[in-house]
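Report on one structure; see the data block that follows.
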Ligand SMILES: [Ca+2]
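In the UniProt record's numbering, the protein residues as written are 1 to 340.
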């Protein structure tokens, strides 16, 4: 292309030289129009050159722009791939720990099956610990029980904290499961029992028909841990909007669930709160919203760096105030009369 252009410029040069020769001979003969005509030809030729250069410049800048766009697109694509890779690693890790845990539980069950004599009803983690002597924290299946009217249920048991026997009803730690779910999801439960989940209001109602303790463990992004325990905790059935009753606080995180005592459960599609506002949609979770929160354990999971100045995050006002979203939360229950 450049060669062509150079060739065409050379041709113009030659034309110019020819016409100059012509004007010289004209000058000899004494014609006065010659300098004017030569000047015009020069200007025309310069104009042509300028036009050519401009078009070359245009072409080059266009090419550069296209290259820049392509680099930008490549960066975006790499970033996307990176994020996908990260998600895959997290998933693989969780699967590995799940398999590991299952193997441990199977080994323990094999060991214990010989000495098992009790036929006590199994309806939560405390009975798995007491009548089956399962001492490893992990995922267990509670069998269906006709007498109690309970379906088969997968639960996560904490068999270590303060003597163990705790059934987890909620966990936040991974951050990939949205807790901005509707009434039905909160009724039946959602998420993954080894990751983030809500056990389900129907299940929580059933498990808290006997006198129950609630323990809430929290961790912030600085690695500090606090807890709040309630010596009395129960939840009504669906007809009564899973109303919360609790009492007898102890702990070091502050009593930030007391404000929610005696209130109904609300979700994005059911406003049962005590406020003109729709707290569940403002705080983006399902919870026993009053007007609206002193804690919001089912709020939005924010990662480090985005965890402050968030009023819809996983908040516990008694510890970090209204604008700090926690890194990890576990809510767990155990019968009041549990003895390790
Ligand atoms: Ca309302």
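Don't be surprised by glycine CBs; every beta carbon is placed ideally from N, CA and C.
Since we're looking at a predicted model, the values are computed, not measured.
Residue 252 sits exposed, since fewer than 16 C-beta atoms from the chains shown fall within 10 Å of its C-beta. Taking the Cα positions, residue 62 is about 11 Å away from residue 69. Taking all protein chains in view, the Cβ of residue 106 is surrounded by fewer than 16 other Cβ atoms within 10 Å, so the residue is classified as exposed. Counted as a single uninterrupted DSSP element, the stretch harbouring residue 173 is not any alpha helix (DSSP H), since DSSP gives it neither H nor E. The alpha-carbon of residue 205 is positioned some 11 Å away from that of residue 239. CA-to-CA, the gap between residue 227 and residue 180 works out to about 24 Å. For the options 216, 273, 54, 76, the alpha carbon positioned closest to that of residue 318 is the one of 216.
The beta carbons of residue 274 and residue 291 sit closer together than 7 Å. Look at residue 260: its beta carbon is at least 6 Å from all of the heavy atoms in ligand 1. Boundaries of the beta strand (DSSP E) around residue 245: 244-251. No Cβ-Cβ contact shorter than 7 Å links residue 169 with residue 143. Between ligand 1 and the CB of residue 255, the shortest heavy atom gap is not smaller than 6 Å. Around the beta carbon of residue 284, 16 or more other beta carbons sit within 10 angstroms, so the residue counts as buried. Taking 7 Å as the cut-off, the beta carbon of residue 322 is found no closer than this to the beta carbon of residue 314. Residue pairing for residue 231: DSSP places it in no beta bridge.
For residue 175, the closest C-alpha among the options 151, 65, 300, 187 is that of 300.
Residue 276 sits in coil when the DSSP states are folded into three classes, being neither helix nor strand. Contact residues of ligand 1 (beta-carbon closer than 7 Å to any heavy atom; chain order) are 271, 273, 275, 276, 277, 278, 279.
An exposed status is given to residue 87, since fewer than 16 other beta-carbon atoms sit within 10 Å of its beta-carbon. Residue 288 is positioned such that its CB atom lies closer than 7 Å to that of residue 244. Residue 242 sits close to residue 201, with the two beta carbons spaced by under 7 Å. With a cutoff of 7 Å on beta-carbon distance, residue 172 and residue 71 are scored as not near each other. About 7 Å separates the Cβ atoms of residue 165 and residue 130, confirming a contact at the 8 Å cut-off. Taking 7 Å as the cut-off, the beta carbon of residue 250 is found closer than this to the beta carbon of residue 229. Residue 51 and residue 40 have their C-alpha atoms spaced approximately 16 Å apart.
Counting only runs of 4 or more residues that sit fully inside the segment 135-195, the alpha helix (DSSP H) segments are 183-188, in chain order. Remark: C-beta atoms of residue 182 and residue 267 approach each other more closely than 7 Å.
When secondary structure is reduced to three states using DSSP, residue 96 falls in the helix class. If you check the CB distance, residue 235 and residue 212 do not come in under 7 Å. The Cβ-Cβ distance between residue 296 and residue 286 does not fall below 7 Å. For residue 200, the secondary structure class from DSSP, reduced to helix, strand or coil, is coil. According to the DSSP assignment, residue 332 belongs to the beta strand (DSSP E) that extends over 328-335. A Cβ-Cβ distance of about 17 Å is found for the pair residue 195 and residue 167, leaving them out of contact under the 8 Å criterion. Partner residues in a beta bridge of residue 122, as assigned by DSSP, do not exist. In the three-state reduction of the DSSP assignment, residue 225 falls in the strand class, which pools E and B.
Rounded to the nearest whole angstrom, the C-alpha separation of residue 45 and residue 38 is 11 Å.
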